[in-house]
Amino acid sequence: MINYFAYGSNLPLARISNRLPGVRKLCNAVIKGYDLRFHKVGHDDSAKCDAYFTGFQNDCVYGVVYQITTEQKSVLDGIEGVGHGYDCKWLNPETEIRVESPLLIYLATRIEHDLLPWDWYVEHVLIGARQAKFPPFYIERILGEPCKTDNDLWRAEQERCIHKRALSE
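Right, here's the structure in full:
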């Protein structure tokens, strides 16, 4: 099994389960010296999350550790666009419980500081942060993230339905 550190739109169990059925949450974790940024260039001309390295120990990114299989990692590599916007790295963040192996994380390679995320994308991150009970200051940071309305109403509804379906199950 691979321990995957989710910190963006894959934070909510409903979202990651929709992408990788059968994943299991292990614990929450935090990486220091990184800052949550919405500046990774997405294939849909919107910004996605990045754990941006700053080197400052006061900066941190909260995340959820999910256990995935090697097959699921291959699927996730495709979804995340490894080699085309994200690269994989292995880190050793602080975790709620002892985790034996380094954690897989996806870090942005294509950055555009002026790009905004879709409103539904920020909602994914916010829902996940609330589910994980991240600190209030961190949730406030996500709430304050500037975003734009997705004119593709079908896509926006499909993304929001992920959480509605999870609530009805």
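In this text, residue positions in the sequence shown follow our numbering: the first is 2, and each later residue adds one.
Heads up, the beta-carbon is just placed ideally off N, CA and C, and yes, glycines get one too.
The structure presented is a predicted model; accordingly, all values stated were derived computationally and were not measured.
In this structure TRP119 is buried. Its beta-carbon is surrounded by 16 or more other beta-carbon atoms within 10 angstroms. Here DSSP, grouped into helix, strand and coil, assigns GLN58 to coil. Counting only unbroken stretches of 4 or more residues, the alpha helix (DSSP H) elements lying wholly within the segment 25-87 are 71-81, in sequence order. In terms of Cβ geometry, GLY86 and HIS40 do not form a close pair [threshold 9 Å]. In this model, ILE143 and GLN132 are separated by some 14 Å (Cα to Cα). Listed in chain order, the alpha helix (DSSP H) runs fully inside the segment 109-133 are 120-132, counting runs of at least 4 residues. In this structure, ARG38 keeps its C-beta atom at 9 Å or more from the C-beta atom of ILE140. Out of PRO136, GLU81, GLN159, GLU72, the CA that lies nearest to the CA of TYR63 is found in PRO136. By the neighbour-count criterion, in which a residue is buried when 16 or more other Cβ atoms sit within 10 angstroms of its Cβ, ASP51 is buried. Secondary structure at ASN19: helix, using DSSP grouped into helix, strand and coil. When secondary structure is reduced to three states using DSSP, GLU141 falls in the helix class.
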